[in-house]
Structure formats: structure tokens, C-alpha cells
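Novice:
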Amino acid sequence: MDELQTWLDKIEDYRLPRFDDLPELDLYRDQLLTLVDKYIGPIWLEDGPVVTTSMVNNYVKNGLLPHPEKKRYNREHLAYLIAITFLKQVVSINEIQEGLDILTNLNGGIAKAYDFFCDKQEIALKTLNHREEGQVLSEKNQSSAYLMVEMVTMAFATKLITEKILMIETNNSDEKS
Numbered sequence: 015m016d017e018l019q020t021w022l023d024k025i026e027d028y029r030l031p032r033f034d035d036l037p038e039l040d041l042y043r044d045q046l047l048t049l050v051d052k053y054i055g056p057i058w059l060e061d062g063p064v065v066t067t068s069m070v071n072n073y074v075k076n077g078l079l080p081h082p083e084k085k086r087y088n089r090e091h092l093a094y095l096i097a098i099t100f101l102k103q104v105v106s107i108n109e110i111q112e113g114l115d116i117l118t119n120l121n122g123g124i125a126k127a128y129d130f131f132c133d134k135q136e137i138a139l140k141t142l143n144h145r146e147e148g149q150v151l152s153e154k155n156q157s158s159a160y161l162m163v164e165m166v167t168m169a170f171a172t173k174l175i176t177e178k179i180l181m182i183e184t185n186n187s188d189e190k191s
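Note that this note's numbering gives residue 20 to position 6 of the sequence shown, counting from 1, and the numbers run on in steps of one.
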């Protein structure tokens, strides 16, 4: 449990760069991948790179990520790629597309949508360490197995609610068209 609590304390302080903090310079794909690794790497659990060249190519091909201009990517691409990297851990590519469209339209563009996403992701990570009226994960009466069940059931419930929200929003936008 001490290892888990140490890790939770570390991710509680995790911060994503805001849109205005992202580089204004155009980037080559390798630079884009390096920055995503730099920004997400501190909380990434899997071995290997956070994002690969083939992932970026697929995201562009599938319309999740705008096409680069003259093989260069800008901070909008970087913002989208960071959000996509988090979201693909939870929802399908189609759901990511729908969610990004909704969030971007609701916030009046990628800059505000990305900053909103960053705020919410940081709050979610912080909440893991402090749930139910200040109850922390390291309490002696909780085993790691108990916590695993609690986290997986919360993840399912959250995913289910997310899918329902996307269904409602998609139906609402279809009715407006």
C-alpha cells in the first residue's frame, strides 16, 4: 500500500501544460512525439513510447487529428494529440471524435477546450487520492484488492455515463440538423 500511496501522492501534483504553454513553433513529427512523451510520460504506466508515428498517421487518416501543413505540426495538433492519448485509454476512436467535436464546439475552439480538459484531468487524478470525505487510499482497513474492485467499478460507471452523454449529445445535434 505504501508504494501505491507514494505514487498517488506523486500524480496528485501532476500538471499538464495549458494551451498557451505549448510551443508556438511548428514541429516535425519526431518533435511532436517527444513533447507528448515529456508531458504524459510522468504518469504513463506502459513501457515504450506514449505515442508512435503510426498512431499519429492513423489519427490523421481517421480525421481525429488535423492534417499537418508541409509535414509540420502546431500546438493545436499537440493539444489534440495529448487529449486523444488520454481519451483512447477509456473510449473508442469514434467516441473520441464525437467527444472532441462536442467539447471544442461547446468551448469555442481547441484552446479553451484543451485547457478545460486539462483542468478536469488534473482534478480527476487528484480525486483518486482523496475520496469519500477525505478518506485516503492508505487507510489500514483497505486492501489493494478492495481498492482494485472500487477503481474498476468506478471506471466502468464513468465510462457508461460518458457513453450515454455522447449518445444524448449526438441525438441532440442530429435533431438540430
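All C-beta atoms in this analysis are idealised placements derived from N, C-alpha and C, irrespective of residue type, glycine included.
Note down the Cα distance separating D23 from L95, rounded to an integer number of angstroms.
Specialist: When rounded, the distance between both Cα atoms is 26 Å.
Novice: Is it buried or exposed, H91, if we count other Cβ atoms within 10 angstroms and call 16 or more buried?
Specialist: So H91 counts as buried.
Novice: If you drop the 5 nearest sequence neighbours on each side, which residues of the same chain put their C-beta closer than 8 Å to that of V74?
Specialist: Closer than 8 Å at Cβ, skipping near neighbours: P80, H81 and P82.
Novice: Specify the secondary structure class of R43 as computed by DSSP and reduced to three states.
Specialist: Helix, per DSSP.
Novice: Quick check on the DSSP output: the alpha helix (DSSP H) that includes F100 runs from which residue to which?
Specialist: F100 -> alpha helix (DSSP H) spans R89 to L101.
Novice: In or out: R221 buried (at least 16 other Cβ within 10 Å) or exposed?
Specialist: Since the first and last residues shown for the chain are 15 and 191, residue 221 lies out of range.
Novice: Classify E177 as helix, strand or coil using the three-state DSSP reduction.
Specialist: Correct three-state label for E177: helix.
Novice: What separation, rounded to the nearest whole angstrom, lies between the Cα atoms of V150 and E164?
Specialist: For V150, the predicted model reports a pLDDT of 48, less than 50, meaning its position is unreliable and no value from the coordinates is stated.
Novice: Among the candidates D44, I124 and E136, whose CA atom is the shortest distance from the CA of D34?
Specialist: Comparing Cα positions, the closest option is I124.
Novice: Three-state secondary structure (DSSP) at G148?
Specialist: Bear in mind that the predicted position of G148 carries a pLDDT of just 42, short of 50, making it too unreliable to give a figure here.
Novice: Skipping 5 residues on each side, what residues in its chain have a beta carbon closer than 8 Å to that of K173?
Specialist: Cβ within range, chain order: V104 and V105.
Novice: When DSSP labels each residue in this structure, what does E38 get in the three-state scheme?
Specialist: Coil.
Novice: Give me the Cα-Cα distance between N76 and L39, rounded to the nearest whole angstrom.
Specialist: Each residue's Cα considered, the two are about 25 Å apart.
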